[in-house]
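Visitor: Have a look at this one.
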Amino acid sequence: MTEEFEVPSPHEKHLEHVSEHAHARSDGFASKIAVMTAIMATIGALLSYQAGSSESLAAMDKNNAAMKKTEAANQWNYYQAKSSRQNLAELATHIPGVDAKHYGIEAQRYQKEKEAVRLKAEALEAQAQDWDEQSEAALHQHHRWAQAMMAIQIAISMAAITLLTRKQWLARLAYGTAGASVLLGSLAWLHI
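Per the UniProt record's numbering, numbering of the sequence shown is gapless, rising by one per residue and ending at 192.
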């Protein structure tokens, strides 16, 4: 038979302690702070998830940009190879004793192939630029989620200190900081 061990987090211990003392003394102040702390912790969990998700999205977009840049570089290398072959074919048209007409046709063919390769390389560079811009936008959003998460963590800490000091002004400051966190989270949600 396996035994399961429960290891409560400091936050859970704190809430349990506050809850026990609030019920023992019918302390409305402590109960309100405990409920608000639980709400803030829930908001913090949501913010944390969104921060991680947006960071992963930014990394994936940056990876896609790098892949497109690599593909574009490969196309530019191919373009250079076509240019070299075109130059050699053009040079061959001036060598006595070779089929100048054949090499002239080859030079024209390489010129046309080069153009198609150039267009493909430029299209890949444009796609890479788009992925880079998407990555930057996702990273900006990640920073907003992270700021919101930091603010809610500060609010939770202030709420814990409020329970110890029983200062009303500190409770208002904790609520204001939680409000700032919600505002920052809203800005992240709206991609601002």
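The beta carbon of each residue, even a glycine, is placed where N, CA and C say it ideally should be.
Spatial neighbours of K69 within its chain, please: C-beta separation below 6 Å, excluding the five flanking residues on both sides.
Guide: Within the sequence shown, residue 69 is the residue found at index 69, counting from 1. Cβ neighbours of K69 beyond the five flanking positions: A128.
Visitor: What distance in whole Å lies between the Cβ atoms of W145 and A51, which are believed to be in contact at a cut-off of 8 Å?
Guide: In the sequence shown, residue 51 corresponds to position 51, counting from 1. In the sequence shown, residue 145 corresponds to position 145, counting from 1. With a Cβ gap of about 4 Å, A51 and W145 count as contacting.
Visitor: For W169, count neighbouring Cβ atoms within 10 angstroms of its own Cβ and tell me buried if that reaches 16, exposed if not.
Guide: For the purposes of this step, residue 169 is identified with residue 169 of the sequence shown, where counting begins at 1. So W169 ends up on the exposed side.
Visitor: Find the nearest neighbour of Q108 within the set A38, H94, R85, A30, judged by alpha-carbon distance.
Guide: Position 108 of the sequence shown, counting from 1, holds the residue named residue 108. When only C-alpha atoms are compared, the closest one is R85.
Visitor: Going straight from the alpha carbon of M40 to that of M158, what length do you get?
Guide: If you number the sequence shown from 1, residue 40 lands on position 40. If you number the sequence shown from 1, residue 158 lands on position 158. Answer to the nearest angstrom: the Cα atoms are 11 Å apart.
Visitor: Less than 7 Å between C-beta atoms, sequence neighbours within five positions excluded: which residues of the same chain meet that for D61?
Guide: Looking up residue 61 in the sequence shown gives position 61. Within the same chain, D61 has close Cβ partners W131, Q134, S135, A138.
Visitor: On the three-state DSSP scale, how would you describe G44?
Guide: Mapped onto the sequence shown, residue 44 falls at position 44. Three-state result, G44: helix.
Visitor: Under 8 Å: do the stretch 100-118 and the stretch 71-88 share three or more Cβ pairs, one atom per stretch?
Guide: Segments in contact, yes.
Visitor: Of the choices A126, Y79, H140, whose alpha-carbon is the least far from that of A59?
Guide: Taking the sequence shown and counting its residues from 1, the one referred to as residue 59 is at position 59. It is H140 whose Cα lies nearest to the Cα of A59.
Visitor: Span of the alpha helix (DSSP H) holding S135?
Guide: Taking the first residue of the sequence shown as 1, we reach residue 135 at position 135. Element bounds for S135: 100-165.
Visitor: Is it buried or exposed, T37, if we count other Cβ atoms within 10 angstroms and call 16 or more buried?
Guide: Here residue 37 corresponds to residue number 37 of the sequence shown, with the count starting at 1. T37 is buried by the Cβ-count criterion.
Visitor: For A92 and Y79, which I take to be in contact (beta-carbon distance under 8 Å), what is that distance rounded to the nearest angstrom?
Guide: Locating residue 92 in the sequence shown gives position 92, counting from the first residue. Locating residue 79 in the sequence shown gives position 79, counting from the first residue. Contact flag wrong, Cβ pair sits at about 20 Å.
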